[in-house]
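In the numbering used here, the protein residues as written are -3 to 257. C-beta: ideal position from N, C-alpha, C; glycine also.
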Ligand code: PGA
């Protein structure tokens, strides 16, 4: 796992967007694993700006989102399909038929999980999986105790996640209590994982995920087992990290990061 701390949220976001754009430039037909949530809105705004400036072409990209609420239609403003169209897909030249999310209206949950797994496999696997972290340590909607071998399936949300996200629903009680999510195993299969953590409300869970023991109680800690995982944090989210000097040293000296400093 590589950990990079940037001085501001905007710089953490910019680096995240740059890494995604650079992959698309290097491999125009790549499979991007995408995430939703408040943290990602700024990443997508940066990618839209890069697209508008003619710096990146998404026409051959395929995307797979991490998750979708069960029971929400694609045109529901709280669905993740709606979020993706609103924040990214409507503003870039991605072919919408190549953008994939679990179907929130699927009735056979097991079949939907299998369909999604097969679609990812048929596309050749995810090249880069973008991730956020929940306050309970989840990646995707893999709530505490999710198996590290889990695949796309339906998952009951924790009260903490429900509290974190129900503020977007009107009324809050209308937020679904379960979602389809890629499994931890699905996420670990991605060739690269890129986790963005910003804000002081995430400082405690960031330290657990990055420097704590690998535990299904904090599913983001599974990324410690991934061969190519990068975590980007802003100063506030990095506040509780103990190996900070080393992370800064690596970013300043490793040739891999020469173009990003
Ligand atoms: P947030 O969500 O960006 O809205 O904090 C992240 C997550 O729960 O994965």
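For residue j and residue i, believed in contact at Cβ under 8 Å, the rounded distance
{"i": "residue 219", "j": "residue 191", "result": "6 Å"}
{"i": "residue 135", "j": "residue 216", "result": "5 Å"}
{"i": "residue 257", "j": "residue 248", "result": "7 Å"}
{"i": "residue 57", "j": "residue 30", "result": "Contact flag wrong, Cβ pair sits at about 10 Å."}
{"i": "residue 63", "j": "residue 137", "result": "5 Å"}
Check: residue i C-beta below 7 Å from any heavy atom of ligand 1
{"i": "residue 152", "result": "no"}
{"i": "residue 125", "result": "no"}
{"i": "residue 34", "result": "yes"}
{"i": "residue 133", "result": "no"}
{"i": "residue 116", "result": "no"}
{"i": "residue 183", "result": "no"}
{"i": "residue 129", "result": "yes"}
{"i": "residue 160", "result": "yes"}
From the options, residue whose alpha carbon lies closest to that of residue i
{"i": "residue 230", "options": "208, 195, 254 and 224", "result": "195"}
{"i": "residue 178", "options": "37, 12, 125 and 20", "result": "125"}
{"i": "residue 147", "options": "120, 176, 167 and 161", "result": "176"}
{"i": "residue 13", "options": "75, 249, 243 and 227", "result": "227"}
{"i": "residue 163", "options": "128, 62 and 34", "result": "34"}
{"i": "residue 186", "options": "133, 225, 69 and 170", "result": "225"}
{"i": "residue 182", "options": "205, 145 and 106", "result": "145"}
{"i": "residue 93", "options": "3, 188, 199 and 54", "result": "54"}
{"i": "residue 84", "options": "112, 45, 106 and 68", "result": "45"}
{"i": "residue 61", "options": "71, 76 and 72", "result": "76"}
{"i": "residue 40", "options": "9, 199, 157 and 223", "result": "9"}
{"i": "residue 49", "options": "108, 88 and 71", "result": "88"}
{"i": "residue 180", "options": "157, 74, 202 and 210", "result": "210"}
{"i": "residue 21", "options": "7, 47, 52 and -2", "result": "52"}
Endpoints, alpha helix (DSSP H) assigned at residue i
{"i": "residue 230", "result": "That residue, residue 230, is in no alpha helix (DSSP H); its beta strand (DSSP E) goes 225 to 230."}
{"i": "residue 21", "result": "5 to 22"}
{"i": "residue 45", "result": "34 to 48"}
{"i": "residue 160", "result": "155 to 162"}
{"i": "residue 90", "result": "Element bounds for residue 90: n/a, residue is neither H nor E."}
Sequence-distant residues of the same chain with beta carbon closer than 6 Å to residue i, five excluded per side
{"i": "residue 259", "result": "Coverage of the chain is limited to positions -3 through 257, which leaves residue 259 absent and any answer about it impossible."}
{"i": "residue 261", "result": "Look at the range of the chain in this structure, -3 to 257, and you will see that residue 261 is not part of it."}
{"i": "residue 259", "result": "Lying before the first or after the last residue shown, residue 259 is absent from the chain, which here runs from -3 to 257."}
{"i": "residue 112", "result": "98 and 148"}
{"i": "residue 3", "result": "231"}
Other residues of its chain near residue i: CB distance less than 7 Å, five sequence neighbours each side excluded
{"i": "residue 66", "result": "100, 150, 172, 174, 175 and 176"}
{"i": "residue 119", "result": "27 and 58"}
{"i": "residue 128", "result": "31, 33, 35, 36 and 192"}
{"i": "residue 1", "result": "229, 231, 234, 240, 243 and 244"}
{"i": "residue 197", "result": "131"}
{"i": "residue 207", "result": "237, 238 and 239"}
Extent of the continuous beta strand (DSSP E) to which residue i belongs
{"i": "residue 64", "result": "63 to 65"}
{"i": "residue 0", "result": "-2 to 2"}
{"i": "residue 174", "result": "174 to 177"}
{"i": "residue 27", "result": "27 to 30"}
{"i": "residue 125", "result": "124 to 127"}
{"i": "residue 191", "result": "188 to 193"}
{"i": "residue 252", "result": "It is not in any beta strand (DSSP E) - residue 252 carries neither H nor E in the DSSP assignment."}
{"i": "residue 149", "result": "149 to 152"}
Spatial neighbours of residue i in its chain, beta-carbon cut-off 8 Å, leaving aside the 5 residues before and after
{"i": "residue 213", "result": "133, 140 and 141"}
{"i": "residue 168", "result": "162"}
{"i": "residue 156", "result": "130, 131 and 132"}
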